[in-house]
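A quick write-up on the structure given underneath.
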Amino acid sequence: MRFASLGSGSEGNALLISADSGATRTTVMLDCGFGLRECERRLERLGVAPGDLSGIVVTHEHQDHVGGVFKFARRHRVPVWLSFGTWEAARRDVSNVDVRFCRDGDRLAVGDLELRPYTVPHDAREPIQYVIGDGRSTLGVLTDAGQSTPHMVQMLGGCDALVLECNHDERMLADSKYPPSLKWRIGGPFGHLSNRATAEILAALDQSRLRRIVGAHLSQQNNTPELARSALTGAIADAGTEVMIACQEEGFGWLEVGA
Ligand SMILES: [Zn+2]
Ligand SMILES: [Zn+2]
14 MRFASLGSGS EGNALLISAD SGATRTTVML DCGFGLRECE RRLERLGVAP GDLSGIVVTH
74 EHQDHVGGVF KFARRHRVPV WLSFGTWEAA RRDVSNVDVR FCRDGDRLAV GDLELRPYTV
134 PHDAREPIQY VIGDGRSTLG VLTDAGQSTP HMVQMLGGCD ALVLECNHDE RMLADSKYPP
194 SLKWRIGGPF GHLSNRATAE ILAALDQSRL RRIVGAHLSQ QNNTPELARS ALTGAIADAG
254 TEVMIACQEE GFGWLEVGA
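Take a look at the structure:
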């Protein structure tokens, strides 16, 4: 199983996960916060044609995650999985889109992939994140959460690779020119994970299989790749675990999930 990012941050997010069984290949896109043409351009950069996608899974209704989902799904006839709350709150034109609902605790089979949605605290209607496996290795994804919960720590334990939000450095956010209400929203219990909060989650979870971590959804104003990387590196149990940082423009290229 491999994964790659089309871009990561408040300007737009999309992640690809691909499993190759030898005879078949399954590729799903997790969120699509880019417009149709921009998404197609970024897919091409990663060597993926829109017709290669077996589905789009959505985390929540914020524009940087859902902005391009339904136009893309309609144009390229790709089914979309999302929570009922996200579907209600997105209020998009879903005509001619194959919409399927999922919720915490489900095990979605999409081709050779199994996706397990799990609930996170964030200021959206029914936000979920996903753990994705192909029977051999497992990728855990967590962005857009305001605080750690025991459920999150349990779901992300035992994964081979993780994509973890490192939204902001608490000091940079406090010193920024953002209005107090926005600072409170971002740093609050339904906002976004700071480098420190993510490092605490990482330190708490089962890292016995963990080989790779990608820091994601970095604020371009209130964080730096160096600060995020150092927070993650400080929380890994095995110095051999590789730490990378995703960026808004390039995301990151294809990476293997397992060893
Ligand atoms: Zn977001
Ligand atoms: Zn969000």
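Quick note: the sequence shown uses the working numbering, first residue 14, plus one each step.
Note that beta-carbon positions come from the ideal geometry of N, C-alpha and C, so glycine has one too.
- Contact check between the region 166–175 and the region 87–107: fewer than three CB pairs, one atom from each, fall below 8 Å, which does not count as touching.
- Apart from the 5 residues on each side of it in sequence, Phe114 sits with its Cβ closer than 8 Å to the Cβ of Trp94, Leu95, Ser96, Phe97, Trp100 in its chain, given in chain order.
- Inter-residue distance for Ala36 and Gly124 is about 12 Å (C-alpha atoms, whole angstroms).
- Judged by DSSP secondary structure, Gly46 falls outside any alpha helix (DSSP H); it is assigned neither H nor E.
- Of Ala27, His230, Leu186, the smallest CA-CA separation from Gly68 is found for Ala27.
- Each of Leu29, Gly81, Gln234 was checked against the Cα of Phe47, and the nearest Cα belongs to Gly81.
- Judged by DSSP in its simplified three-state form, Glu262 adopts coil rather than helix or strand.
- Taking the Cα of Phe85 as reference, the smallest distance to any Cα among Arg50, Ala102, Gly118, Met257 is reached at Arg50.
- When the five nearest sequence neighbours on each side are left out, the beta carbons in the same chain lying within less than 7 Å of the beta carbon of Pro134 are those of Ala158, Gly159, Gln160, Thr162, Pro202, Phe203, in order along the chain.
- For Arg224, the number of other beta carbons within 10 angstroms of its own is at least 16, and it is reported as buried.
- Counting other Cβ atoms within 10 Å of its Cβ, Glu262 stays below 16 and is therefore classed as exposed.
- DSSP places His181 within a strand segment (E or B) once states are collapsed to three.
- Exclusion of Asp136 from the 7 Å shell around ligand 1 follows from its C-beta lying no nearer than that to any non-hydrogen atom of the ligand.
- Judged by DSSP in its simplified three-state form, Glu74 adopts coil rather than helix or strand.
- For ligand 2, no non-hydrogen atom lies closer than 7 Å to the CB of His89.
- If the five residues before and after Asn236 are omitted, its C-beta is found closer than 6 Å to the C-beta atoms of His181, Asp182, all from its own chain and listed in chain order.
- DSSP links Leu95 through a beta bridge to Phe114.
- The alpha-carbon separation between Arg149 and Pro92 amounts to approximately 25 Å.
- The secondary-structure analysis by DSSP pairs Asp33 across a beta bridge with Arg38.
- The beta carbon of Ser232 sits closer than 6 Å to those of Asn180, His181, all from its chain and outside the five residues before and after it, given in chain order.
- Shown here, Ala102 sits in a helix according to DSSP, grouped into three states.
- Going by beta carbons, Ile141 and Ile30 fall outside the 8 Å limit.
- Distance from the CA of Lys190 to the CA of Phe265, rounded to the nearest whole angstrom, comes to 29 Å.
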